[in-house]
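Asker:
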């Protein structure tokens, strides 16, 4: 009997040691997710320190059951979520939580969650480096029920020096961009493992004459992708689409899709029929010039043609992406 008890004790000790070895430390978590937190700070104006501290606190540095089984690092519940779900006991029994296909999408959704709800709007009047005000503001807005939530976040930010990531984004954006560039370079290029077939079809744009264009149909996707004349790939937004939803569908980061579509200053709304580029725009079009049947801004033409805004402005001697081109006026595309 003593031998059985002793053996059981040894096995339990071995299991505990193995579990501890597999456990993610706070520093490992920070090393992994700080580039994503900085990326979301650039795109959504949420302090990277706050994102990291919330992730550490809510997911136990990525070790919680919800983080491991559902890739949910922020404890975000279902609400109007239409994706996969898991059920766990929380404030009440058997509550519904969002499930993500990968952990990075949890970080993206966290940013979308805060920017997309009116009750958190007051947070975005705060300074991006005032993590103490953000921590208190999250509690005041109802993000957590624990009265010590702000103190827990602040303690994590100060003990782990997470505020340094805010400083990097605000004071040395070039260095922050280099970090993100290295991260994106390590990711596989979208569509690299997808078989595609090309067919000839007609593309129709609002109030534009029809023209022949190559339509590229991506197999295994839920929607067709198309090519601008200069071979930049795009999709047409459907009712209910968001940049986040399309980015998730095509395996992109939110920062990438915002960059490819010149989304700035929180202007992230989409309506059915909008062109959404899923590859970087080019510096010129296929045709030398073109005229349009209605007045358009340079930004609108940039989206319609898949040409960089800066290139169009330079080619047409304009100083702003919001400058308009009159109906019938020639626009230089190359």
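Numbering (our numbering), first residue to last: 669 to 1002.
Note that the Cβ used here is the ideal one computed from N, Cα and C, for glycine as well.
Quick caveat, the model's predicted, so the values are computed rather than measured.
1) What residues in its chain sit with their C-beta under 6 Å from that of residue 821, if we drop five residues either side in the sequence?
2) So, helix, strand or coil for residue 811, using DSSP?
3) Nearest CA to the CA of residue 912: which residue from 902, 901, 924?
4) With residue 788 as the anchor, note down where its alpha helix (DSSP H) starts and where it stops.
5) In three-state terms, what does DSSP make of residue 754?
6) Mapping the DSSP letters down to three states, classify residue 783 as helix, strand or coil.
7) Starting from residue 763 and walking both ways along the beta strand (DSSP E), at which residues does that stretch end?
8) Can you give me the C-alpha to C-alpha distance between residue 971 and residue 988, rounded to a whole angstrom?
9) Output yes or no for whether 8 Å exceeds the beta carbon distance between residue 740 and residue 765.
10) How far does the beta strand (DSSP E) with residue 943 in it extend, from its first residue to its last?
11) With a cut-off of 8 Å on the beta carbons, I'd call residue 834 and residue 717 a contact; round off their distance for me.
12) Can you give me the C-alpha to C-alpha distance between residue 947 and residue 698, rounded to a whole angstrom?
13) Per DSSP, residue 964 is paired with what?
14) Once DSSP output is grouped into helix, strand and coil, what is the label at residue 902?
15) How would you call residue 926, buried or exposed, if buried means at least 16 neighbouring beta carbons within 10 angstroms?
16) Assuming residue 977 and residue 930 make a contact with CB atoms under 8 Å, what is their CB distance in whole Å?
Answerer: According to the structure shown:
1) If we look at residue 821 and ignore the five residues flanking it on each side, its Cβ neighbours are 721, 803.
2) Three-state DSSP puts residue 811 in coil, outside helix and strand.
3) Out of 902, 901, 924, 924 has the C-alpha closest to the C-alpha of residue 912.
4) Here residue 788 belongs to no alpha helix (DSSP H), and DSSP marks it neither H nor E.
5) Here residue 754 sits in strand by DSSP.
6) The answer is helix: DSSP assigns residue 783 an H, G or I state.
7) Per DSSP, the continuous beta strand (DSSP E) segment holding residue 763 begins and ends at 763–766.
8) The alpha-carbon of residue 971 is positioned some 15 Å away from that of residue 988.
9) Yes, the Cβ-Cβ distance between residue 740 and residue 765 is below 8 Å.
10) Taken as a continuous stretch (DSSP letters only), the beta strand (DSSP E) holding residue 943 covers 943–945.
11) In this structure, residue 834 and residue 717 form a Cβ contact; the two beta carbons are roughly 5 Å apart against a cut-off of 8 Å.
12) C-alpha separation (whole angstroms): 29 Å.
13) DSSP output for residue 964 lists 993 as bridge partner(s).
14) Residue 902 falls in the strand class under three-state DSSP.
15) Residue environment: residue 926 is assigned as buried (16 or more neighbouring CB atoms within 10 Å of its CB, all protein chains considered).
16) Approximately 6 Å separates the beta-carbon atoms of residue 977 and residue 930; this is inside 8 Å, confirming the contact.
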